[in-house]
Structures are given as structure tokens and as C-alpha cells.
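**Q** Counting with mature numbering (1 follows the signal peptide of the UniProt record, and there is no 0), you get residues -26 to -1, 1 to 136 for the letters of the sequence shown.
Before I ask anything, here is the structure I am working with.
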Amino acid sequence: MNQKYFIILFTLPVFFLLMYVEKTHGCTPNFRIDGSCLSPPCDLVAITNVTWYPGELKITVKTGVNFDIYPVAFANFTFRDDYGHIVRFFKNPRFVNCVDCGESSNYTSYPYTSKWLFDANLTPQRGVWFDIWLSAHYFCGITNDRLECIPEDLHYRSQVPT
């Protein structure tokens, strides 16, 4: 009888460990189609600050509500200026803000500021208007063995300070 309990107690942790490893390798956030707010866009998250340096873009994302909603992934990240410079950083979702497969760490920040590098020749000049498009993903959870997040499509238009 003790042998059966030993086998069961030994195989269960191994089984759960294998399931964990399988789910975490190649993990990417999925777009949530059903929407989790009553009338999208939810307007929970916004781009609040953009700073340009030659070949570098710093972008801050935060919410306008009283509780912390921090982004866990970005997707469809693009900028374009009125001189026709276009940079597509990436299309598919990427984890950001010290989050890995939906699991946040002690270093998750709110508001979240990230830095993105690109060709310095495409940096918008002073006084030029620009647009940034970004899909910020937040409130991630596992549903039907898939990591799903709520996306908020953001648009930010401003002028590079003179």
C-alpha cells in the first residue's frame, strides 16, 4: 500500500511540472475577441508621454483611473511622422514590463516607461507632428490552456518639441 502512495505522490508533481514547462515555452499573449468592457474601446490605458532621442523612443503608458492597470504586453507598435518616416517596431504581441507569460514580477512598474531603438535617420525632427499606434495588453489570465489578455488599441498624436 505504501508503494502505491509513493508512486502517486511522485508522479503527480512530475506531471504538473511537465504541464508547467509545456505551457511556458513559446508563450505569447493572445488577442481577446469577446472584449471585456461593455463598449470598446475601454479607455482604461493611454500613452501619456513620448520622448524622442536620435534613434530612441521613450514611451510612457498609464491609466486614467484610480487603480493600477499595468501593461503586460505590446503589439502592433508603429510610429509615423508627417515627413513620411515610418517605423514598425513589431506586429505580434511581446511581453513588456518585467512580465513573462502573464506572470508579473516584483519589478513591474506603473506607469510603465519603455525605451525602443530604431534607425537614427528616421527620428522625427523638432516641430514635426507624429503618430504612434500601439496595442497595450493587460489583465492577462489563462483560459482553456491559453494565455489571454485584454487589448486596448492606443493612438497618440503630438508634435516633437521645438
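Every residue, glycine too, gets a C-beta built ideally from N, C-alpha and C.
1) Does residue 64 pass the burial test, meaning 16 or more other C-beta atoms within 10 Å, or should it be called exposed?
2) Is it right to say residue 94 is buried, meaning 16 or more other beta carbons lie within 10 angstroms of its own, or is it exposed?
3) Quick one, are the C-beta atoms of residue 24 and residue 110 less than 7 Å apart?
4) I'd like to check one pair, residue 86 with residue 135: are the Cβ atoms closer than 7 Å?
5) Tell me, please, which residues DSSP counts as bridged to residue 99.
6) Look up residue 59 in the DSSP assignment and give the residues it is bridged to.
7) Residue 13: buried (16+ other C-beta within 10 angstroms of its C-beta) or exposed?
8) What is the residue span of the beta strand (DSSP E) that residue 121 lies within?
9) Provide the residue(s) that pair with residue 143 in DSSP beta bridges, ordered along the chain.
10) Is it true that the CB of residue 29 sits closer than 7 Å to the CB of residue 104?
11) Return the first residue and the last residue of the beta strand (DSSP E) that residue 24 is part of.
12) Between which residues of its own chain and residue 57 is the CB-CB distance below 8 Å, once the five residues before and five after are set aside?
13) Is it true that the CB of residue 48 sits closer than 7 Å to the CB of residue 61?
14) Short check: CB of residue 31 to CB of residue 90, under 7 Å?
**A** For this structure:
1) Exposed, since its Cβ has fewer than 16 Cβ neighbours within 10 Å.
2) That one is exposed.
3) For residue 24 and residue 110, no; Cβs fall outside 7 Å.
4) Not in contact: residue 135 and residue 86 (Cβ atoms no closer than 7 Å).
5) Looking at the DSSP output, residue 99 sits in no beta bridge, so it has no partner there.
6) According to DSSP, residue 59 bridges with nothing at all.
7) Caution applies to residue 13, whose pLDDT of 44 falls short of 50 and renders its modelled position unreliable; the value that the coordinates give is listed next. That one is exposed.
8) Note, residue 121: beta strand (DSSP E), 120 to 133.
9) Because the chain is modelled from -26 through 136, residue 143 falls outside the range shown and cannot be assessed.
10) No; because the gap between Cβ atoms is not below 7 Å, this pair is not in contact.
11) For residue 24, the enclosing beta strand (DSSP E) starts and ends at 19 to 27.
12) Closer than 8 Å at Cβ, skipping near neighbours: 98, 99 and 102.
13) No; because the gap between Cβ atoms is not below 7 Å, this pair is not in contact.
14) In this structure, the beta-carbon distance from residue 31 to residue 90 falls below 7 Å.
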